[in-house]
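Residue numbering for the sequence shown follows the working numbering, starting at 5 and increasing by one per position.
Every residue gets a Cβ at the ideal spot worked out from N, C-alpha and C, and that includes glycine.
Below is one structure, written out as structure tokens, with a few remarks after it.
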Amino acid sequence: ETRIKSTIPMGNGHAHIHKEIPVAPSYIDKHLVVAEAEVSSLVSRLDATFSAPTINYDYFVQLCDKIGMDASTCIRSFGTLGGGNHFIEINQESRTSEYYLTVHSGSRAFGMKLFEYHNAKVDKTLKHLNTADSLEYCIDMIVAQHLARMNRHIMLQLILRELDLDYDETRLIESTHNYIDFSRGILRKGAIPAELGELCIVALNMRDGILICRGKGNEDWNYSCAHGCGRHMSRSEARRRIKLKDYKKVMHDVVSSSVCEATLDEAPQAYKDVDLVVAALEPTVTIEKHLISVLNLKGTD
Numbered sequence: 005e006t007r008i009k010s011t012i013p014m015g016n017g018h019a020h021i022h023k024e025i026p027v028a029p030s031y032i033d034k035h036l037v038v039a040e041a042e043v044s045s046l047v048s049r050l051d052a053t054f055s056a057p058t059i060n061y062d063y064f065v066q067l068c069d070k071i072g073m074d075a076s077t078c079i080r081s082f083g084t085l086g087g088g089n090h091f092i093e094i095n096q097e098s099r100t101s102e103y104y105l106t107v108h109s110g111s112r113a114f115g116m117k118l119f120e121y122h123n124a125k126v127d128k129t130l131k132h133l134n135t136a137d138s139l140e141y142c143i144d145m146i147v148a149q150h151l152a153r154m155n156r157h158i159m160l161q162l163i164l165r166e167l168d169l170d171y172d173e174t175r176l177i178e179s180t181h182n183y184i185d186f187s188r189g190i191l192r193k194g195a196i197p198a199e200l201g202e203l204c205i206v207a208l209n210m211r212d213g214i215l216i217c218r219g220k221g222n223e224d225w226n227y228s229c230a231h232g233c234g235r236h237m238s239r240s241e242a243r244r245r246i247k248l249k250d251y252k253k254v255m256h257d258v259v260s261s262s263v264c265e266a267t268l269d270e271a272p273q274a275y276k277d278v279d280l281v282v283a284a285l286e287p288t289v290t291i292e293k294h295l296i297s298v299l300n301l302k303g304t305d
């Protein structure tokens with residue numbers, strides 16, 4: 005726990021980013037090449053007369069400037085966890101005793117700045133966006149989603165390096181929620197892709213860990229699945245109703261210095277009953293493994 009906390013800044017704000025730039029421009033380019041391919045595919049489908057931009061490190065710097073974010077600050081926020089329900093876990097599969105490293109985070113402040121930029125341009129009378137504005141939004145969103153993916157990859161690499169373990173990208177299971185699937189035209193809020201045969205992750209809570217599932221590709225459910233248990237209490241209600249001593253009691257089997265007043269709203273009691281959620285998943289996925297939390301870390305600021 006100490007080694008992970010010394011490696012990954014956790015929490016919100018400028019106090020919780022890397023002091024030094026964690027990756028070179030070439031690493032960012034590597035991830036943005038994939039974003040560029042997705043942008044080109046989207047533009048060719050929506051407007052063949054539109055010239056798709058080259059998505060690379062220079063484009064990223066210009067995009068930061070456009071949305072009013074310092075590029076250096078943005079880069080130093082990559083490889084950081086953030087706060088709220090974001091977490092780093094070490095999980096164990098009960099049948100095989102295998103250990104898994106799980107990271108839940110997004111694009112950090114970049115995504116919020118992007119939202120603020122585009123939201124300020126929108127006519128609130130629900131008019132359709134014009135073609136130029138809509139394409140600009142879609143392109144920026146694709147970039148943000150790939151930067152979120154990059155952020156998680158950086159954290160995994162930094163943690164495994166600190167623990168003297170190998171990073172093998174071919175063994176990753178990536179399960180994204182709160183994003184736009186441009187290939188299918190589906191906005192998944194609180195949902196993850198669950199295409200036929202696709203491995204996916206359903207987060208339960210700090211105590212009960214995660215489920216490794218395989219998608220059923222159910223068209224009636226938009227080829228999707230719930231991304232987690234969902235809240236049983238609002239954050240304010242959880243802070244009001246859950247006692248710290250009870251929170252500590254239910255978390256006694258999990259190593260975590262994050263069990264404190266600051267994360268009361270993330271206590272297992274604040275989330276829906278696991279058995280209820282497991283039953284509700286049946287139309288969308290087959291559960292293959294239940295990974296129990298061994299160590300859980302969250303931002304506490």
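CA-to-CA distance, residue j to residue i, given in whole angstroms
i	j	result
residue 262	residue 104	19 Å
residue 270	residue 148	26 Å
residue 252	residue 276	18 Å
residue 53	residue 47	9 Å
residue 106	residue 178	10 Å
residue 306	residue 300	Nothing can be reported for residue 306: it is not among the residues displayed for the chain, which extend from 5 to 305.
residue 254	residue 169	31 Å
residue 95	residue 302	15 Å
residue 190	residue 226	8 Å
residue 203	residue 220	10 Å
residue 89	residue 44	33 Å
residue 142	residue 155	20 Å
residue 128	residue 111	26 Å
residue 264	residue 27	32 Å
residue 49	residue 188	12 Å
residue 198	residue 102	24 Å
residue 248	residue 294	27 Å
residue 133	residue 42	21 Å
residue 82	residue 250	34 Å
residue 24	residue 256	36 Å
residue 120	residue 126	10 Å
From the options, residue whose alpha carbon lies closest to that of residue i
i	options	result
residue 266	259, 10 and 244	244
residue 232	256, 274 and 222	274
residue 109	121, 123, 160 and 95	160
residue 113	248, 74 and 171	74
residue 289	196, 272, 297 and 235	196
residue 174	157, 188 and 247	157
residue 55	139, 272 and 145	139
residue 235	281, 228 and 229	281
residue 305	268, 40 and 76	268
residue 297	92, 40, 42 and 14	92
residue 223	192, 81, 239 and 200	200
residue 76	123, 250 and 18	18
residue 20	121, 79, 133 and 295	79
residue 38	238, 172 and 150	150
residue 146	25, 5, 36 and 237	36
residue 291	24, 97, 14 and 51	97
residue 40	123, 124 and 144	144
Host beta strand (DSSP E) of residue i (start-end)
i	result
residue 192	190 to 192
residue 293	289 to 301
residue 206	203 to 209
residue 228	228 to 230
residue 218	213 to 219
Alpha helix (DSSP H) segment containing residue i, residue limits
i	result
residue 147	135 to 166
residue 91	No alpha helix (DSSP H) contains residue 91, which is instead part of the beta strand (DSSP E) from 91 to 97.
residue 118	113 to 125
residue 263	It is not in any alpha helix (DSSP H) - residue 263 carries neither H nor E in the DSSP assignment.
residue 47	29 to 50
residue 100	Run containing residue 100: none; DSSP gives neither H nor E here.
residue 185	Here residue 185 belongs to no alpha helix (DSSP H); instead the beta strand (DSSP E) covers 183 to 185.
residue 85	That residue, residue 85, is in no alpha helix (DSSP H); it is neither H nor E in DSSP.
residue 283	278 to 284
residue 248	248 to 254
residue 245	239 to 245
residue 67	61 to 70
residue 235	No alpha helix (DSSP H) holds residue 235; DSSP gives it neither H nor E.
residue 10	6 to 11
Chain D contact for residue i (CB, 8 Å cutoff)
i	result
residue 227	The structure shown has no chain D; it contains just one protein chain.
Residue i: CB within 7 Å of a non-hydrogen atom of the ligand GTP
i	result
residue 213	Annotation note on the ligand GTP: not contained in the displayed structure, which lists no ligands.
Supposed close pair residue i, residue j - CB separation, criterion 8 Å
i	j	result
residue 84	residue 22	7 Å
residue 16	residue 115	No, residue 16 and residue 115 are not in contact; Cβ-Cβ is about 13 Å, not under 8 Å.
residue 117	residue 71	4 Å
residue 136	residue 194	Between residue 194 and residue 136 the Cβ distance is about 30 Å, and since that is not below 8 Å, they are no contact.
residue 259	residue 5	6 Å
residue 192	residue 228	6 Å
> Counting Cβ pairs closer than 8 Å, one from the segment 161 to 169 and one from the segment 190 to 208, do we hit at least three?
Replying inline: no
> At a cut of 8 Å, does the segment 236 to 253 reach the segment 177 to 187 through at least three beta carbon pairs?
Replying inline: no
> For the 8 Å Cβ check, are there 3 or more pairs between the segment 58 to 65 and the segment 30 to 44?
Replying inline: yes
>> Under 8 Å, with one C-beta from each stretch per pair, do the segment 210 to 221 and the segment 279 to 288 reach the 3-pair mark?
In response: yes
> Contact between the segment 61 to 75 and the segment 6 to 15: three or more CB pairs below 8 Å?
Replying inline: no
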